[in-house]
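For the sequence shown, the positions run 6 to 166 when the working numbering is used.
Glycine is no exception: its CB is placed at the ideal position from the N, C-alpha and C atoms.
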Amino acid sequence: MAKDKTEKTNAMRILDRSKGTYIHRCWENATAENTGTELAAALGQDPGQVFKTLVTESKSGAYYVFMIPVAETLDLKKAASAVNEKALSMLKSKELLPITGYVHGGCSPVGMKKQFPTVIHKTAADYDTILFSAGKIGHQLETSLEVLSRVVKFTLADIIV
Numbered sequence: 006m007a008k009d010k011t012e013k014t015n016a017m018r019i020l021d022r023s024k025g026t027y028i029h030r031c032w033e034n035a036t037a038e039n040t041g042t043e044l045a046a047a048l049g050q051d052p053g054q055v056f057k058t059l060v061t062e063s064k065s066g067a068y069y070v071f072m073i074p075v076a077e078t079l080d081l082k083k084a085a086s087a088v089n090e091k092a093l094s095m096l097k098s099k100e101l102l103p104i105t106g107y108v109h110g111g112c113s114p115v116g117m118k119k120q121f122p123t124v125i126h127k128t129a130a131d132y133d134t135i136l137f138s139a140g141k142i143g144h145q146l147e148t149s150l151e152v153l154s155r156v157v158k159f160t161l162a163d164i165i166v
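Shown next as structure tokens:
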């Protein structure tokens, strides 16, 4: 079998260390301006199975990570309720890299500088596997929630509009 010559991302190395199985998918022409729905189409995947990673901040300065299907919108009130906060706001793009270690369009729930409380939309449980960013624009990892749970502590909740 030919060895994959793809440069490993931090998220891939973390999953490898956990002995987690995953499929790496790549859209070479992707940019930060592409939507998640465009990415799902380019990869031939169901947009309900492809999740985007969003980072929020509470008034107290706590950070929270939310994963929702790419075609959906995060409901900030439901999200706040899911993490027992009164209110949340989206993290500004310029703050993403220093806080998470990832850039807009390439933010993975795996391998952030610090592990933040993470909530995944409950529909993820409807799929054998989900796709999410590998930590680099255009690169996705496909794995099961069971494998993801080895490296990211998360809960499932209804967090979309």
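Cβ-Cβ distance between residue i and residue j below 8 Å
{"i": "V148", "j": "G25", "result": "With the sequence shown as reference, residue 148 is identified as Thr, and Val is not the correct amino acid for it. Result yes, Cβ atoms of T148 and G25 sit closer than 8 Å."}
{"i": "S123", "j": "V70", "result": "Going by the sequence as given, residue 123 is Thr instead of Ser. Yes."}
{"i": "T58", "j": "P114", "result": "yes"}
{"i": "L96", "j": "L81", "result": "no"}
{"i": "V75", "j": "V55", "result": "yes"}
{"i": "L136", "j": "R30", "result": "yes"}
Environment of residue i [buried if 16+ CB atoms lie within 10 Å]
{"i": "T105", "result": "buried"}
{"i": "I73", "result": "buried"}
{"i": "E151", "result": "exposed"}
{"i": "I28", "result": "exposed"}
{"i": "V62", "result": "At residue 62 the sequence reads Glu, which differs from the Val that was named. Buried."}
{"i": "A67", "result": "exposed"}
{"i": "A16", "result": "buried"}
{"i": "G186", "result": "The first residue shown for the chain is 6 and the last is 166, placing residue 186 beyond what the model contains."}
Residue-level contact to chain D via CB, residue i, 8 Å cutoff
{"i": "T105", "result": "The chain inventory of the structure shown lacks chain D, comprising one protein chain alone."}
According to DSSP, residues forming a beta bridge with residue i
{"i": "R30", "result": "Q145"}
{"i": "L57", "result": "Contrary to the premise, residue 57 reads as Lys rather than Leu in this sequence. Per DSSP, I73."}
Please determine if the stretch 25-42 and the stretch 157-164 are in contact, where contact requires at least 3 C-beta pairs separated by less than 8 Å. no
At least three beta-carbon pairs within less than 8 Å, the stretch 40-60 to the stretch 142-156: yes
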